[in-house]
Amino acid sequence: MSPLAQYFPIAVLVLFAIVVAVFLIGLDHFLGPRQPNPTKLEPYECGILGVGTARQRFKVGFYIVALLFLLFDVETVFLYTWVVLFMPLGLIGFVEVALFLFVLAVGLYYAWRKGALEWE
Amino acid sequence: MIPLEHVILLSAVLFGIGTVGVLIRRNLIAIFMSIELMLNAGNLAFVGFARQYAGDGAHAVVLFIVVLAAVEAAVGFAIVVAMFRNRGTVNADEVNLMKG
Amino acid sequence: MPISPQDFWCSSPILILCGFGTLLLIVDARCGKGPRDLLPIAGLSLFGLLAAGAAVLLLWGEFGSGGVAPVECFTPMGGMGAAIRCDGYVLVFDAVFLLAAGLTCLISLGYLERMDLRFGEFFALILFATAGMMLMASAMDLVVALLSLEVMSIALYILCGLARTDLRSNESALKYFIIGAFSSAVLVYGIALVYGATGSTALPDIARAASRIDFARGDLLLVGSALIVTALCFKIAAVPFHGWAPDAYEGAPTPVTAFMSTGVKAAAFAMFARIALSLFASYTIPATEVLWLIAMLTMIGGNLAAVVQTNVKRMLAYSSIAHAGYLLVGLVAAVDRRQTDGSVTVGTPDIAFYLIAYTLMTMGAFAVVVWFGRRRREYLLIEDFAGIGFRHPFIAIAFSIFLLSLAGIPPTAGFMAKFGLFRSAVATGHTDLAVIGVLTSVISVYYYLRLVVLMYMRETETGITPTYSPATTLAIVVSGYGVLHLGLFPGSLWRLAEIGAQTLAW
Chain A
1 MSPLAQYFPI
11 AVLVLFAIVV
21 AVFLIGLDHF
31 LGPRQPNPTK
41 LEPYECGILG
51 VGTARQRFKV
61 GFYIVALLFL
71 LFDVETVFLY
81 TWVVLFMPLG
91 LIGFVEVALF
101 LFVLAVGLYY
111 AWRKGALEWE
Chain B
121 MIPLEHVILL
131 SAVLFGIGTV
141 GVLIRRNLIA
151 IFMSIELMLN
161 AGNLAFVGFA
171 RQYAGDGAHA
181 VVLFIVVLAA
191 VEAAVGFAIV
201 VAMFRNRGTV
211 NADEVNLMKG
Chain C
221 MPISPQDFWC
231 SSPILILCGF
241 GTLLLIVDAR
251 CGKGPRDLLP
261 IAGLSLFGLL
271 AAGAAVLLLW
281 GEFGSGGVAP
291 VECFTPMGGM
301 GAAIRCDGYV
311 LVFDAVFLLA
321 AGLTCLISLG
331 YLERMDLRFG
341 EFFALILFAT
351 AGMMLMASAM
361 DLVVALLSLE
371 VMSIALYILC
381 GLARTDLRSN
391 ESALKYFIIG
401 AFSSAVLVYG
411 IALVYGATGS
421 TALPDIARAA
431 SRIDFARGDL
441 LLVGSALIVT
451 ALCFKIAAVP
461 FHGWAPDAYE
471 GAPTPVTAFM
481 STGVKAAAFA
491 MFARIALSLF
501 ASYTIPATEV
511 LWLIAMLTMI
521 GGNLAAVVQT
531 NVKRMLAYSS
541 IAHAGYLLVG
551 LVAAVDRRQT
561 DGSVTVGTPD
571 IAFYLIAYTL
581 MTMGAFAVVV
591 WFGRRRREYL
601 LIEDFAGIGF
611 RHPFIAIAFS
621 IFLLSLAGIP
631 PTAGFMAKFG
641 LFRSAVATGH
651 TDLAVIGVLT
661 SVISVYYYLR
671 LVVLMYMRET
681 ETGITPTYSP
691 ATTLAIVVSG
701 YGVLHLGLFP
711 GSLWRLAEIG
721 AQTLAW
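Chains A, B and C, in that order, are what the protein sequence lines are.
Position one of the first sequence corresponds to residue 1 (our numbering), numbered consecutively onward.
Position one of the second sequence corresponds to residue 121 (our numbering), numbered consecutively onward.
Position one of the third sequence corresponds to residue 221 (our numbering), numbered consecutively onward.
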């Protein structure tokens, strides 16, 4: 099989997805009756009425929480690899990871004391 | 099995898109996203080559680069937030106090 | 063998710095928010730097003198090469980084208090950045090099933006960050391609594979090396990749600018030399020609742009670009000799010596700029320095020494350092580069001496009355002594750099 031919199933899948989507939306468009009123045109928010505009700015506090989350979340990636090799790495691996977690804890302590976790 | 050439070609295209993005986008957030794209293009190339050489180490490199990207993003956004507080813009062209 | 006690002993300077940096963060966090007394934190950081310096001295006694073979440390399981290496070359550079960090701590103490930047994190970040620099110098694997580069850079992005409410500091941090992140992305891709071409990220393996590479892989190696060189040229601010440097240098707090233009440059060159000598160990790639071009452009571009500056910090920024050009001359010589007979002892000791001299004289010049500041006010225009030769004669003499040294006039360290570099260039047949280097140095005499002339030739009534800071004065005295000592008696340090370069071979 030539390299490009290997992608044929993916091409079929993409084509199929497009056809189905266009067909269903088109069917709805042609067959469904349309009687719009203001309530119907509102964005659906789980039944709760929308307040204000969606294009407002977020409080800066959100970004700081997001930054902290990003850092501490991604660092756990190293823990997964450690778990996979837990037995062969033995005590040295454990000590290394403990040290790593200690450094992370220092970072958390620092963020805490500096008030990064407070919501103004 | 996807041949190596395709993986590398895709990563090169992603790298190119990222580079062009850094050069032409003026929104700082968009510039950061382009840089992330470049880093991930590097990741993809690494994974592709690593499969060819069957080395264990090169797969781990990807994890390091992912963490590196996250750390860079955190610092970058912190800088942008500090700047936005002072200046109220995230447009790269308006950051031009110093010239020459 | 995963990890042995010797690995820890060989990396002890780095570990000490990381430990003290973490300790400083805890101490600083214990004080909570708000301004604090910086003296204990600065004292602790200086103590940490001294401890690391003691470790470097002890290690030099063991590995630096060449009595014991260099040690490869932290070889991971799974067939990858050693992470870092302890040899004389690394230790010489470690000393440069410690010198730069120590002087930065000294000049920043008064500065931070004066400018209402009482952040304890400053010193922790300096220590982390220094640890990153040491790792950069000792990295034996491209991935370790990348990570250590990031350790250093990320600390520096934050240091640049330390003055959070100052728009210029914001802008400096932003520009430095964008270019830094961009260049590390380029570096990542370059490393990936080099790995694809050679099947390894370890520098010795790359050097071996590059010498017997087939044509198809050669292209991959060529593109990968080009990307790596581009990324490193961004880091050392070589023309035409220098656009960010003047803005980043001008906007950053002055001690940070000093640290950036000395420590970062030294670290980037230590890493650049090691990587270039591995990638270009054989004739596979026309590396010397490209480096030759970049060196020439950097020397000419940096010096010409410095002539028209009116801001001292900006002028020193362009001058630091120009000095990167001189250093590249040494690198061209080193790579050339490496390709001819595989030796690494030409050019590399000159780069090390130059960086020691350059660190001393640039730190001194920035220390003088810091010395002339007042509360929430800095005097950065060249005009501001008019007539200080009459009012502050001692500082003016010190400043003149630093500027003459930067211009490369004997009997200062700058002259000896430049002499070494150009001698190596001539020895490897790059007389043209040496000639361009000398000619551009003549241009540089103009803008350095303009400041000296202004200090002594023009009297002004309204003078600056600086806020006195003993630590800054100490930094000026130390750098001034170093510059003169290296200019008059360069022999012992020269020998040290040569011994260091001899242990560089792998």
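No residue lacks a Cβ here, since even glycine has one placed at the ideal position from N, Cα and C.
Please report the distance separating the alpha-carbon of residue i from that of residue j.
i              : j              : result
residue 694(C) : residue 139(B) : 46 Å
residue 201(B) : residue 352(C) : 26 Å
residue 389(C) : residue 725(C) : 42 Å
residue 397(C) : residue 15(A)  : 42 Å
residue 127(B) : residue 168(B) : 6 Å
residue 221(C) : residue 261(C) : Residue placement at residue 221(C) is poorly supported in this model, since its pLDDT is 48, which falls under 50; the coordinates still yield a value, given next. The straight-line gap from Cα to Cα measures roughly 39 Å.
residue 596(C) : residue 686(C) : 11 Å
residue 465(C) : residue 544(C) : 12 Å
residue 136(A) : residue 424(C) : It is not possible to answer for residue 136(A), since the shown part of chain A is limited to 1 through 120.
residue 469(C) : residue 482(C) : 12 Å
residue 219(C) : residue 19(A)  : What is shown of chain C runs 221 to 726, which leaves residue 219(C) out entirely.
residue 651(C) : residue 188(B) : 42 Å
residue 499(C) : residue 459(C) : 22 Å
residue 707(C) : residue 150(B) : 50 Å
residue 688(C) : residue 209(B) : 39 Å
residue 184(B) : residue 295(C) : 17 Å
residue 21(A)  : residue 31(A)  : 16 Å
residue 520(C) : residue 542(C) : 7 Å
residue 442(C) : residue 428(C) : 15 Å
residue 462(C) : residue 180(B) : 33 Å
Looking at the ligand FAD, does it come within less than 7 Å of residue i, judged from the CB to the closest heavy atom?
i              : result
residue 293(C) : Among the components of this structure there are no ligands whatsoever, and the ligand FAD is therefore not found.
List the residues that DSSP assigns as beta-bridge partners of residue i.
i              : result
residue 361(C) : 422(C)
residue 601(C) : 531(C)
residue 147(B) : 211(B)
Look up residue i in the DSSP assignment and say whether it is helix, strand or coil.
i              : result
residue 564(C) : coil
residue 251(C) : coil
residue 37(A)  : coil
residue 304(C) : strand
residue 103(A) : helix
residue 293(C) : strand
residue 686(C) : coil
residue 386(C) : coil
residue 395(C) : helix
residue 462(C) : coil
residue 9(A)   : helix
residue 550(C) : helix
residue 723(C) : coil
residue 46(A)  : coil
residue 51(A)  : coil
residue 282(C) : helix
residue 29(A)  : helix
residue 410(C) : helix
residue 62(A)  : helix
residue 229(C) : helix
residue 366(C) : helix
residue 400(C) : helix
residue 260(C) : helix
residue 56(A)  : coil
Touching or not, the region 454-461 of chain C and the region 528-535 of chain C, by the rule of three or more beta carbon pairs under 8 Å?
no
Is the region 230-249 of chain C touching the region 196-214 of chain B, taking contact as three or more C-beta pairs under 8 Å?
no
To test your reading of the DSSP string, which unbroken alpha helix (DSSP H) runs of 4 or more residues are found completely within the region 475-545 of chain C?
485-499 and 507-527
Go through the region 170-203 of chain B residue by residue and report every complete run of the beta strand (DSSP E) that reaches 3 residues or more, in order.
none
For the region 581-628 of chain C, which segments carrying the alpha helix (DSSP H) assignment without a break, of at least 4 residues, lie completely within its bounds, in sequence order?
608-611 and 613-627
If contact is defined by three or more beta carbon pairs under 8 Å, each pair taking one atom from either stretch, is the region 613-620 of chain C in contact with the region 582-597 of chain C?
yes
At least three beta-carbon pairs within less than 8 Å, the region 405-420 of chain C to the region 459-475 of chain C
no
Does the region 656-668 of chain C come close enough to the region 573-582 of chain C that 3 or more CB-CB pairs lie under 8 Å?
no
Could you say if the region 156-163 of chain B and the region 397-406 of chain C meet the contact criterion of at least three C-beta pairs nearer than 8 Å?
yes
Is the region 554-561 of chain C close to the region 671-682 of chain C, with three or more CB pairs under 8 Å?
no
Does the region 246-254 of chain C touch the region 317-335 of chain C, meaning 3 or more C-beta pairs lie closer than 8 Å?
no
Touch test, the region 331-351 of chain C against the region 375-391 of chain C, Cβ-Cβ under 8 Å, three pairs minimum
yes
Within the chosen definition, does the region 520-531 of chain C reach the region 351-371 of chain C through at least 3 CB pairs nearer than 8 Å?
no
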